[in-house]
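First up is the structure itself, then whatever we jot down about it.
There are 2 protein chains.
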Amino acid sequence: MSAPVTLHGYYRSSASFRVRIALNLKGLAYRAVPHHLRRGEQNLPDYRRINPQGLVPAMEIDGRVLTQSLAILEYLDETRPEPPLLPKDPAGRARVRALAQIIACDVHPIDNLRVLNYLRGPLGQPDDAVARWYNHWISEGFQALEAALSANGETGRFCHGDTVSLADVCLVPQIINAKTYALDLSLFPTVKRIADTALSLPAFEQALPANQEDAE
Amino acid sequence: MSAPVTLHGYYRSSASFRVRIALNLKGLAYRAVPHHLRRGEQNLPDYRRINPQGLVPAMEIDGRVLTQSLAILEYLDETRPEPPLLPKDPAGRARVRALAQIIACDVHPIDNLRVLNYLRGPLGQPDDAVARWYNHWISEGFQALEAALSANGETGRFCHGDTVSLADVCLVPQIINAKTYALDLSLFPTVKRIADTALSLPAFEQALPANQEDAE
C-alpha cells in the first residue's frame with residue numbers, strides 16, 4: 001500500500017470518473033495523469049505501452065498496470081476492502097453487479113466517444129442524429145434501472161440499501177453524461193434521487209469532471 | 217442447490233452462450249427456456265415480468281432471478297466454486313476480468329442485435345455498412361485482446377494459465393460471432409488458438425448455438 005497509485009484518465013471519461021469515486025471512497029491518495037481523448041492522446045506510443053487498448057482508465061498500483069474500470073473497481077475492493085463496494089451475500093453482490101452492468105455494459109460502451117466518432121465519420125451522421133442515438137441508449141438503460149430500483153425492496157437511500165456500492169459508482173457518471181444532450185431525468189425519479197444523494201457526498205463531488213485538473 | 221435452474225436465453229445470444237458454458241463447466245443441470253429475439257419475444261409481458269430490461273440471459277436460481285451475464289457468472293462462481301472461473305490472487309482476478317470485459321464491455325454491446333437494428337432502422341444503414349460496423353468493433357477488441365494475450369507470460373493454453381477462466385468463457389462466443397460477417401481471424405493468432413483449444417472441451421462445444429434446442 002506504500003507505493004503511489006497512478007490513475008491514467010481523462011476528466012470527461014465516465015469510466016475514469018467511476019475509478020476516481022472509488023479511490024475517494026476508500027481514501028486512497030493517487031496521482032492523476034490526464035490523457036486528452038479528444039486530441040487522441042490515448043493513441044500516443046507512450047500511452048499504448050501502458051495500455052495497448054488505448055482506452056482510459058488504466059491504473060498503476062501494487063507494481064502492476066490494471067485496465068478496464070469494472071476490473072479495477074473489483075481489485076480495489078478486494079485489496080482495500082473498507083468501505084466495501086459490494087455486499088457480503090452472493091445474491092446482493094449479483095444484484096449490485098447487474099445494476100452496475102446495466103450502465104457499464106448496456107449504456108456506456110454504445111455512447112462512448114469512439115462510437116460517436118464512428119457515427120459522425122464513417123457513417124456521416126449529423127449532430128442531431130448523434131444526439132438522438134446518445135439519449136436513446138441512456139433512456140433504454142435508465143428505464144431498466146428505474147424498473148429494477150423502484151420495484152425492489154432492497155433499494156434504499158442508494159441503489160442497494162443505505163450504503164454506497166459499485167452500482168452507485170457507475171450510476172453517477174452516467175447521470176452526469178445524461179446532461180450532455182439534456183435528457184429529461186424526471187422520467188427516472190428513483191435513479192435521479194439516488195444520484196442526487198450520492199452527489200452530496202464529497203467522494204462523488206470531488207470526482208466530478210469539472211473538479212479535475214485537466215477540466216477545460 | 218436442489219431446486220432446478222432455469223436459463224432464459226436464445227441460441228444466438230452470445231451473452232446466453234457464456235452462461236451455458238459456465239453451467240456446463242460446473243456440471244449444473246438446467247432447464248433452457250428460449251425467447252426468440254428476432255421475433256421480439258423478449259418484449260412479451262410474460263418475459264418482461266421476469267426481466268424488465270427485456271434482454272437475455274436471465275437465470276432463475278436459488279429462488280431469485282438474476283440478470284446480466286457477467287453478474288450471473290460471478291454468482292455461479294461464488295455459490296458453485298468448482299471448478300473456479302477466477303484465479304485466487306487479486307491481480308490474476310483483475311487480469312481475467314479485464315480480458316473478459318474487453319469482450320463483454322467494449323465489443324459485444326456495440327454489436328448487439330438491438331444496436332444493429334437501430335443502425336438499420338432509424339439510421340437507415342445498408343447491410344454492407346452494418347457488416348463493416350460489426351467487424352470494426354470486433355477487430356478493435358480482438359487487436360486489444362491479441363496484444364494483451366501475446367505479450368504476457370501469464371497467458372497459457374487458455375487466456376490465463378492452463379485452466380479455463382471467465383475470459384475464455386467470454387472469448388469463445390465472440391469468436392463464433394466473428395464468423396457472422398467472415399472476419400479474418402488469422403490476424404489474431406493467440407485469440408484463435410485459445411478459442412480452438414476451448415472449443416475442444418465438451419462444456420464449450422455443447423454450449424454452441426447450433427447445439428441448442430431452439431437453433432434454426
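In order, the protein sequences belong to chains A and B. Residues in the first sequence are numbered consecutively from 1, following the working numbering. Residues in the second sequence are numbered consecutively from 217, following the working numbering. By construction, the Cβ of each residue, glycine as well, lies at the ideal position given by its N, Cα and C atoms.
If you measure from the beta carbon of residue i to each beta carbon in chain A, is any gap under 8 Å?
i, result
"P325 of chain B", "yes"
"L339 of chain B", "yes"
"C375 of chain B", "no"
"A431 of chain B", "no"
"L282 of chain B", "yes"
"E290 of chain B", "yes"
"L399 of chain B", "no"
"E276 of chain B", "no"
"L301 of chain B", "no"
"V221 of chain B", "no"
"E294 of chain B", "yes"
"A363 of chain B", "yes"
"G308 of chain B", "no"
What residue range is occupied by the uninterrupted alpha helix (DSSP H) comprising residue i?
i, result
"E78 of chain A", "S69 to T79"
"I110 of chain A", "From DSSP, I110 of chain A is part of no alpha helix (DSSP H); its letter is neither H nor E."
"L187 of chain A", "L187 of chain A -> no alpha helix (DSSP H), and no H or E assigned at all."
"L25 of chain A", "S14 to L25"
"G225 of chain B", "Careful: G225 of chain B lies outside any alpha helix (DSSP H), inside the beta strand (DSSP E) at V221 to G225."
"E205 of chain A", "P202 to E205"
"Y181 of chain A", "Careful: Y181 of chain A lies outside any alpha helix (DSSP H) and carries neither H nor E."
"R201 of chain B", "Because chain B is modelled from 217 through 432, residue 201 of chain B falls outside the range shown and cannot be assessed."
"P90 of chain A", "P90 to A104"
Have a look at the options and flag the residue whose alpha-carbon is nearest the alpha-carbon of residue i.
i, options, result
"G40 of chain A", "A:Y10, A:D196 and A:L25", "A:Y10"
"Y134 of chain A", "A:A151, A:G161 and A:D106", "A:D106"
"K192 of chain A", "A:S165, A:P122, A:R38 and A:V172", "A:V172"
"V169 of chain A", "A:T6, A:I21, A:R12 and A:S13", "A:I21"
"I277 of chain B", "B:L365, B:E370, B:P220 and B:E362", "B:P220"
"P303 of chain B", "B:P261, B:A364, B:A231 and B:F374", "B:F374"
"R296 of chain B", "B:K242, B:E429, B:G369 and B:S229", "B:K242"
"D305 of chain B", "A:L76, A:R93, A:E82 and A:L85", "A:L76"
"L417 of chain B", "B:N240, B:F233, B:P325 and B:M275", "B:N240"
"A419 of chain B", "B:L223, B:Q317, B:H224 and B:V235", "B:V235"
"S402 of chain B", "B:L260, B:I319, B:E362 and B:R280", "B:E362"
"V65 of chain A", "B:A360, B:E429 and B:A307", "B:A307"
"I102 of chain A", "A:E140, A:E216, A:P209 and A:A32", "A:E140"
"S69 of chain A", "B:I266, B:R254 and B:A320", "B:A320"
Can you list, in chain order, the residues of its chain with a C-beta nearer than 8 Å to that of residue i? Leave out the 5 residues immediately preceding and following it.
i, result
"Q53 of chain A", "T67"
"I354 of chain B", "V323, D327, Q390, N393, A394 and L399"
"P425 of chain B", "Y227, R228, F233, I392 and A431"
"I50 of chain A", "H8, A58, E60 and V65"
"L37 of chain A", "Y10, R12, S13, V56 and L113"
Give every residue of the same chain whose Cβ lies closer than 7 Å to the Cβ of residue i, excluding the five residues on either side of it in the sequence, and list them in chain order.
i, result
"Q42 of chain A", "H35, G54, L55 and V56"
"A71 of chain A", "none"
"S366 of chain B", "T406"
"A207 of chain A", "F17, R20, I21 and N24"
Examine chain B for any beta-carbon lying closer than 8 Å to the beta-carbon of residue i, and answer yes or no.
i, result
"M1 of chain A", "At M1 of chain A, the pLDDT of 48 sits below 50, so the modelled position is not reliable; the number obtained from the coordinates is stated separately. So, not an interface residue."
"L208 of chain A", "no"
"P189 of chain A", "no"
"V115 of chain A", "yes"
"R12 of chain A", "no"
"D127 of chain A", "no"
"L199 of chain A", "no"
"Q53 of chain A", "yes"
"Q245 of chain A", "Chain A is shown only over 1 to 216; residue 245 of chain A falls outside these bounds and no answer can be derived."
"R18 of chain A", "no"
"C170 of chain A", "no"
"D162 of chain A", "no"
"P202 of chain A", "no"
"D46 of chain A", "no"
"R31 of chain A", "no"
"L37 of chain A", "no"
With residue i as the anchor, note down where its beta strand (DSSP E) starts and where it stops.
i, result
"P34 of chain A", "Y30 to P34"
"E356 of chain B", "Looking at the DSSP string, E356 of chain B is not in any beta strand (DSSP E); the run it does join, the alpha helix (DSSP H), is D343 to S366."
"L85 of chain A", "Run containing L85 of chain A: none; DSSP gives neither H nor E here."
"E276 of chain B", "A274 to I277"
Can you determine whether any heavy atom of the ligand GTP sits closer than 7 Å to the C-beta of residue i, and answer yes or no?
i, result
"E294 of chain B", "Looking for the ligand GTP in the displayed structure turns up nothing, as the structure carries no ligands at all."
Quick one: residues in its chain with C-beta nearer than 6 Å to the C-beta of residue i, no 5 flanking neighbours on either side, listed in chain order?
i, result
"R264 of chain B", "G270"
"S229 of chain B", "V272"
"T155 of chain A", "L149"
"M217 of chain B", "With a pLDDT of only 47 at M217 of chain B, under 50, the local geometry of the prediction cannot be trusted, and no value is derived from it."
"Y246 of chain B", "V221, L223 and L239"
"L301 of chain B", "D293, S381 and L382"
For the structure I just gave you, are there three or more beta carbon pairs, one from the region 408-417 of chain B and one from the region 333-343 of chain B, closer than 8 Å? no
Contact between the region 90-98 of chain A and the region 159-168 of chain A is defined here as three or more beta-carbon pairs at a separation below 8 Å; is this criterion met? Yes, they touch.
Pairs of beta-carbons, one from the region 178-190 of chain A and one from the region 129-143 of chain A, closer than 8 Å: are there three or more? yes
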